[in-house]
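Here this note's numbering is used: the first residue of the sequence shown is 1, the next is one more, and so on.
No residue lacks a Cβ here, since even glycine has one placed at the ideal position from N, Cα and C.
Everything numeric in this text was worked out from a predicted model, so none of it was measured.
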Amino acid sequence: MSESAIHLQIVRYSFKTLKLRRNLKITSTITTSILVTELFEDYMFVERLQEAQAAQEALEMEVISLLEEEKFDFSNYDHNNYYDLPDMS
């Protein structure tokens with residue numbers, strides 16, 4: 001193999017390597033972007049879930065507080081039937 005043929009092979013190999021590196025960099029950038037987006041969406045979901053849980057806990061505390069103020073006796077009610085609760089109006 002002549003020197004020019006070897007040089008040509010090296011140039012072709014270098015070009016293919018650069019092309020692969022560029023494609024890998026583009027793919028890596030896209031993958032990173034997708035992962036960051038998914039991570040942000042997961043974070044937002046967790047944040048909304050925590051807000052909902054905090055709201056639920058606050059509501060439960062308010063209900064307990066109202067029931068304690070009125071001193072309802074639930075001993076005669078079926079706790080499995082939510083419609084069997086005393087009229088609070």
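Per DSSP, S2 lies in no alpha helix (DSSP H) segment and is marked neither H nor E. In its chain, beyond the 5 residues on either side, no residue has a beta carbon closer than 8 Å to the beta carbon of S28. CA-CA distance, T32 to E41, rounds to 14 Å.
Rounded to whole angstroms, the gap between the alpha carbons of S14 and R21 is 10 Å.
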